[in-house]
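Novice: Before I ask anything, here is the structure I am working with.
Protein chains in written order, with the UniProt record's numbering: chain A, 1 to 599; chain B, 1 to 167.
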């Protein structure tokens, strides 16, 4: 009726008195990000009064409420009318926490405890959040501080989301793995998680941290083997620092660099080197393998372009694993034979032709074909030859030496590491070969001579030329290397030392007047003439076992030389050359000598 | 209300079909649909949008969609940035979680409309929000619906705010 129109002064007082019953009560929708409620309030109420109503309904403190309407923030002193808030309109509400940066924590609390989503509470206790494998835990621990169960979950809304995704099983391990997988696929997530104040508060609680880390089975194994690790875990300061690190990649790198510098200093202390090595084999290796299993990280993933980053990040030791050994297989077998029986080389080779030629057959095809054909390898070689400093750095880095030593001593590790190389991945044959030859060329890596040659750019270039020559030969004269076709091992053998035998080959070549034409073209073939095979084997042996067999051919072929001179071949030089060319085969040498005599 | 701070709010509108919708829609749908609209809200120097990856933000025009086909000025807001951040985080953890994305019913435009409302009280142009119903009202749209239900649009952006913590 008209009495409520409020135009007459008399009626106005009435309306004032009957404010509660008058039509100036308006219903305003208050909308939070999660929820909305309709609140009845007097039209002329002040914002403060409005907030009072809201705080009752949303169960939040008044000073946590921030009201927004039409892009403006409603201050306590204003009235609703000032902002034009009328019946049926929507006002936005944000519930703040006391802290400036994090609204999520308590706004979740208020939101979830109020009209809140019930998803919060049940799953909060059911799904303990997984602990990161690298010791960076996130999410709620198994028994979070009692006042925060809803918080924790809400703070990680994703967890309830996760359970919605069907991960409702309370299987800790599963959750953990999935979480990690997600983490790995989104590295930013980790930093975000780190920044969450809940995480931070949790991380400053050392007990919780320790609990979570220890829950990881791999960590447990690690700890069993190395009690020092558990000591480390018990130091809260250290833990926190580590967490900081994990969060901040720049800091992490810095730290790693410092650490490596410290380590290299350590090495120069007597006995320090051993300590380093031990440290590596005891701690890092299982950790890395654990990490690898988890994440499928491939230590060799960067191997193709490995040359670029040698000394600057020594922390990533696996990435600086020995460079690929282009001469690996032949070198391996050849050197075993040569180192085994230096004096009876010829007899060995001739007698064991079938068995030796086979591996050699395959490997020489590798030699010519596969190994160098991988683009990774080629680029690597190029990089090496272009930048000797690279190699120098790589080799001189303390970690490298440590790695190599430990690899040399522990062929299992080496083979495991190598096998993980994707370049091998599809190729079991290659793996087999590698595995066999590992110990050998690992030792060669230790050979400082080998190392020094690797740093010699000219040497590397020469090697590349040889490789190119081989390749050309293959294409030009495939008949010469019939074994190459099917046997050509794809991708070569990009792991292993960068031509440890190569350098020795280079040093050897000056020694031995090169078996010129034939010598430079190793001819593999299973069925080729024995002379050819021996020639090839001889050459390979020379390439490989240069430093091992320091005897000159003269000494080696002593016996043959005597025989030849007894037969009437006086020219010792020519004899020697022929013998070298034929690999100690007297008959073939004689033929050569006879063939060249009429000159 | 001299709060001292006032931020402009814009709506960036992208046509996902790059003009194809205008050409092909008469044929396929029987009526002309001017474009397949994707929107993002630009405020505080950043662009915010909702996609398969949840609530995401990056610098304006950073997504692979490039610069918008058109922009709509939504006015100003007094809401300070950190408050907006909190608001977004809450949104990102509740109604705008990544898995809540639905191409028709709860998509980027839904998000933009809601954020625009929050920041300025204004609505975004109706041709954008009406698009799903326009399409679905055609037989073709109905037929495609099961397929479309499974698609999400996630322009590559940077920071996610979907509950993994504050930015």
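Heads up, the beta-carbon is just placed ideally off N, CA and C, and yes, glycines get one too. Since the model is a prediction, treat every value here as computed from it, not as a measurement.
(1) Is there contact here, the segment 28-38 of chain A with the segment 85-100 of chain A, by at least three beta-carbon pairs under 8 Å?
(2) Assign residue 68 of chain A to one of three DSSP states: helix, strand, or coil.
(3) Measuring only between beta-carbons, confirm whether residue 94 of chain B sits less than 8 Å from chain A.
(4) Kindly indicate which three-state DSSP category residue 137 of chain B falls into: helix, strand or coil?
(5) So, is residue 224 of chain A buried or exposed, given that buried needs 16 or more other C-beta atoms within 10 angstroms?
(6) Please determine if the segment 3-17 of chain B and the segment 33-52 of chain B are in contact, where contact requires at least 3 C-beta pairs separated by less than 8 Å.
(7) Specify the secondary structure class of residue 224 of chain A as computed by DSSP and reduced to three states.
(8) Kindly indicate the opening and closing residues of the beta strand (DSSP E) around residue 58 of chain B.
(9) For residue 72 of chain B, which residues in chain A fall below 9 Å Cβ to Cβ?
(10) Could you work out which residues of chain B lie near residue 469 of chain A, taking near to mean beta carbons separated by less than 8 Å?
(11) Taking 8 Å as the cut-off, decide whether the C-beta atoms of residue 60 of chain B and residue 42 of chain B are in contact.
(12) Per DSSP, which residues does residue 70 of chain B bridge with? Please list them.
(13) Helix or strand or just coil, what does DSSP make of residue 93 of chain A?
(14) Say whether chain D places a C-beta atom closer than 8 Å to the C-beta of residue 70 of chain A.
(15) Take residue 70 of chain A as the anchor and find which of B:142, B:98, B:9 and B:21 has the nearest alpha-carbon.
(16) Does any residue of chain A have a CB that is nearer than 8 Å to the CB of residue 119 of chain B?
(17) If we count the other Cβ atoms within 10 Å of its Cβ and call it buried at 16 or more, is residue 555 of chain A buried or exposed?
(18) Buried or exposed, going by whether 16 or more other CB atoms sit within 10 Å of the CB of residue 24 of chain A?
(19) Taking Cβ-Cβ distances shorter than 9 Å, what residues in chain B pair up with residue 34 of chain A?
(20) Cα separation between residue 41 of chain A and residue 83 of chain B?
(21) For residue 101 of chain B and residue 140 of chain B, which I take to be in contact (beta-carbon distance under 8 Å), what is that distance rounded to the nearest angstrom?
(22) If you reduce the DSSP assignment to three classes, tell me which class residue 588 of chain A lands in.
(23) To the nearest angstrom, how far is it from the Cα of residue 589 of chain A to the Cα of residue 278 of chain A?
(24) Using a Cβ-Cβ cutoff of less than 8 Å, which residues in the same chain neighbour residue 46 of chain A once the five nearest sequence positions on both sides are dropped?
(25) Kindly say whether residue 66 of chain A, judged by its beta-carbon, lies nearer than 8 Å to any beta-carbon of chain B.
(26) In chain order, what residues of the same chain have a beta carbon less than 8 Å from the beta carbon of residue 69 of chain B, not counting five sequence neighbours either side?
(27) Rounded to whole angstroms, what is the Cα-Cα separation between residue 75 of chain B and residue 261 of chain A?
(28) Out of curiosity, what's the CA-to-CA distance linking residue 73 of chain B and residue 60 of chain A?
(29) Drop a sphere of 10 angstroms on the beta-carbon of residue 560 of chain A, count the other beta-carbons inside from all chains shown, and report buried for 16 or more, exposed for fewer.
(30) Cβ of residue 96 of chain A less than 8 Å from any chain B Cβ?
(31) From the beta carbon of residue 172 of chain A, is the nearest beta carbon of chain B less than 8 Å away?
(32) Nearest-angstrom Cα distance between residue 168 of chain B and residue 85 of chain B?
(33) Checking the sheet assignment: what are the DSSP bridge partners for residue 38 of chain B?
(34) Could you tell me which chain A residues have their CB closer than 7 Å to the CB of residue 87 of chain B, listed as they occur along the chain?
(35) Going along chain A in order, which residues have a C-beta closer than 9 Å to the C-beta of residue 83 of chain B?
(36) Which bits of chain A does residue 75 of chain B rub up against, with CB to CB less than 7 Å?
Specialist: This is what the structure holds:
(1) yes
(2) strand
(3) yes
(4) coil
(5) exposed
(6) yes
(7) helix
(8) 54-58
(9) The contacting residues do not exist; residue 72 of chain B stays about 15 Å from chain A at best.
(10) Going along chain B, no residue has its Cβ under 8 Å from residue 469 of chain A, so there is no contact; the nearest lies around 47 Å.
(11) yes
(12) B:13
(13) strand
(14) Of the protein chains in the structure, A and B, none is chain D.
(15) B:9
(16) yes
(17) exposed
(18) buried
(19) 90, 91, 93, 94 and 95
(20) 25 Å
(21) Not really, about 22 Å apart at Cβ, beyond 8 Å.
(22) helix
(23) 52 Å
(24) 76, 77, 78, 79 and 80
(25) yes
(26) 13, 14, 15 and 35
(27) 56 Å
(28) 34 Å
(29) buried
(30) yes
(31) Unreliable placement is indicated for residue 172 of chain A, whose pLDDT of 48 sits below 50; no coordinate value is reported for it.
(32) Because chain B here runs from 1 to 167, residue 168 of chain B falls outside it and cannot be looked at.
(33) B:14
(34) 33 and 94
(35) 66, 68, 73, 94, 96 and 103
(36) 71
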